[in-house]
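In our numbering, the protein residues as written are 69 to 337.
We put the CB at the ideal spot given by N, CA and C, even for glycine.
These notes concern the structure reproduced below.
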Amino acid sequence: MDGCSIIWSKRKPRLKMAILQLPSSMGGLDLPNIRFYQWCAHLCYISDWITNDDSSIWLDIETSLSKYPLQDLLFFRSFKSVEDHCNNPVTLNTLKVWRSVQRFLGRSKLTSALTPILNNPDLSPGWLDAGFNFWLNKGISRLNDLFADKILLSFEQMVEKYRLTKQDFFRFLQVRHYILKSTTLIGNPDVSVIERMLYDTYNTLRSFSAVNTQRVKQVWEKELSVTIDEEMWEDIWRYAKTISICNRTRAIQLRIIHRLHISPNRRAP
69 MDGCSIIWSK RKPRLKMAIL QLPSSMGGLD LPNIRFYQWC AHLCYISDWI
119 TNDDSSIWLD IETSLSKYPL QDLLFFRSFK SVEDHCNNPV TLNTLKVWRS
169 VQRFLGRSKL TSALTPILNN PDLSPGWLDA GFNFWLNKGI SRLNDLFADK
219 ILLSFEQMVE KYRLTKQDFF RFLQVRHYIL KSTTLIGNPD VSVIERMLYD
269 TYNTLRSFSA VNTQRVKQVW EKELSVTIDE EMWEDIWRYA KTISICNRTR
319 AIQLRIIHRL HISPNRRAP
């Protein structure tokens, strides 16, 4: 039995589940979104991958089953490349969730500033040239290390900052070419953001939902010949929830605002 059957007592649903899962201030009932909770559970583990907590026992075990650092697997474009470097089903499932969250947030086609340079199958020079190991020792491990204040550094600036040599010039050109031609980092305002989604809470995920109650608001505005601003609209929903301690009374208020009651006008042919 699904959630809708329980909520509507096996009758035809009057509101979409997505509406009911909205916050009460937006016209919903704060029903839990099980998918978001499942995503959040996996994102907690991914957060541990990023912070690399030494006290975590399971992290050592999971890392030992991967050819490369777990956080690097987050930024491989092809999932086939991920599977080539890790065959642990637990890790792969978490990575699938990561990609689902990216698609939901509209970030699946954006390049992360944390994309690794060394041993990156999407960046051939970093995959084939062992000289990038020296870059790693100098503190250059990710594409973000080639930026300062969201601006791509010149080779002269890289030399000054990381003490690179003239022999590194060609490697710099290769990585710069990759950034300019194969990533979205140039012109991306989030280039220096350290993957905020790892720390997003359930409410943040919910805020990205495309579902809203604006259509209902527009119908009320047209019928009453008034303009309802967003603050007033949130107050209306909030009042509907706090008007009584009786759940039945609250439900009646929500039905009224959602225009679910059959009025004489709606019954008329």
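Same chain, Cβ closer than 8 Å to residue i, five either side skipped, listed in chain order
| i | result |
| --- | --- |
| V243 | I185, L191, P193, G194, L211, L214 |
| K84 | V279 |
| N201 | L186 |
| R145 | D190 |
| I311 | T317, R318, Q321 |
| S209 | P184, I185, L186, W203 |
| S132 | none |
Proximity winner among the options, relative to residue i (alpha-carbon distances)
| i | options | result |
| --- | --- | --- |
| Y113 | N187, L127, D140, N101 | L127 |
| A216 | L204, A181, R231, N315 | A181 |
| L160 | E224, S134, P91, R283 | S134 |
| Q218 | G174, S123, T252, Q170 | Note on residue identity: the sequence assigns Lys, not Gln, to residue 218. Measuring from the Cα of K218, the nearest candidate turns out to be T252. |
| L221 | L196, K234, I254 | I254 |
| S176 | D122, F143, L99, L292 | F143 |
| C108 | T281, Q170, F223 | Q170 |
| A308 | D122, K229, P91 | P91 |
| F104 | S209, S124, A86 | A86 |
| D98 | N120, I75, K80, D122 | I75 |
| T281 | S123, E298, V294 | E298 |
| S168 | Q106, S132, E224, K229 | Q106 |
Cβ pair residue i, residue j closer than 8 Å
| i | j | result |
| --- | --- | --- |
| F238 | M226 | no |
| H110 | V158 | no |
| H326 | G95 | yes |
| L141 | H153 | yes |
| K249 | R231 | no |
| N156 | E130 | yes |
Exposure label - residue i; buried when at least 16 CB within 10 Å
| i | result |
| --- | --- |
| V150 | buried |
| I313 | exposed |
| I324 | exposed |
| F147 | exposed |
| Q89 | buried |
| D236 | buried |
| T183 | buried |
| V287 | exposed |
| V259 | Unreliable placement is indicated for V259, whose pLDDT of 41 sits below 50; the coordinate value is still reported in the next sentence. The residue is buried, with at least 16 neighbouring Cβ atoms inside 10 Å. |
| N120 | exposed |
| I125 | exposed |
| P257 | Confidence in P257 is poor, its pLDDT being 47 and thus under 50, which makes the residue's placement too unreliable to answer from. |
Cutoff 7 Å; reference residue i; Cβ partners in own chain excluding five residues on either side
| i | result |
| --- | --- |
| S93 | E302, W305, R306 |
| Y246 | L191 |
| T179 | T251, T252, L253 |
| G199 | R239 |
| K78 | none |
Residues of its chain near residue i, where Cβ-Cβ distance is below 6 Å and the 5 sequence neighbours each way are ignored
| i | result |
| --- | --- |
| K285 | I296, W301 |
| Q139 | W117, I118 |
| F315 | A small correction: the amino acid at residue 315 is Asn; Phe does not occupy that position in the sequence shown. So the list is empty, once near-sequence residues are dropped. |
| R82 | L328 |
| S293 | none |
Closer than 7 Å: residue i CB and nearest the ligand ATP heavy atom
| i | result |
| --- | --- |
| D122 | No copy of the ligand ATP occurs in the structure displayed, which carries no ligand at all. |
*What residue ranges within the segment 148-192 form continuous beta strand (DSSP E) runs of no fewer than 3 residues, ordered along the chain?*
none
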